[in-house]
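Enquirer: There's a structure below that I have some questions on.
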Amino acid sequence: MGILKDLIDQIEAEYGPRNKQPIPVLDGQETEFPVPVVVTSDGRVLAWSSDPPHIRVYAWALQTLRSVPVDDLTANILKFPSGEMDRVRIQTLAGSLRITTQELQSALNQLVREGDLTFKTEGGRRIYGLAPIRWQ
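Just so we're aligned: 1550 in this note's numbering is position 88 of the sequence shown, and the numbers increase by one with no gaps anywhere.
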């Protein structure tokens, strides 16, 4: 799975094997982390501000995107987050992930190139979605 396996390997390299050092869980109390948290899901940390941009973007994608690219109209009807990217959304997402817009574009391109994300172009905008799982 490319990036996901690399993310797990990176976490194990930094914190040791999973059974020795679990990923910190947010429990609603003030929890101090060694570096600021950027992306969380169900109380689990998916990305830290010290992670490379493509790791942060992939963590966001796993939390936000669907397995097919969803445009704004469909997203509004189905109450899904949209993978549609325009200039404003790119700037907003880059700010929330604490990276530059160039780093965000580069990370999205890398994830598409490695097969972790897909996109379709509609009206001059890219609409991103998660790529189907590849079994190796």
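Heads up, the beta-carbon is just placed ideally off N, CA and C, and yes, glycines get one too.
What are the start and end residues of the alpha helix (DSSP H) that includes Ala1521?
Expert: Counting along the chain, the alpha helix (DSSP H) containing Ala1521 begins and ends at Pro1515 to Thr1526.
Enquirer: For the alpha helix (DSSP H) containing Ile1561, list its first residue and its last residue.
Expert: Careful: Ile1561 lies outside any alpha helix (DSSP H) and carries neither H nor E.
Enquirer: So is Glu1546 buried or exposed if we call it buried at 16+ other beta carbons inside 10 Å?
Expert: Classification for Glu1546: buried.
Enquirer: Among the residues of its own chain, which have a CB less than 6 Å from the CB of Gly1586, if the five just before and after it don't count?
Expert: Counting only Cβ-Cβ distances below 6 Å, and skipping sequence neighbours, we find nothing.
Enquirer: Between Ile1552, Thr1502, Ile1517 and Ser1503, which lies nearest to Ile1470 when the distance is taken from Cα to Cα?
Expert: Among Ile1552, Thr1502, Ile1517 and Ser1503, the Cα nearest to that of Ile1470 is on Ile1517.
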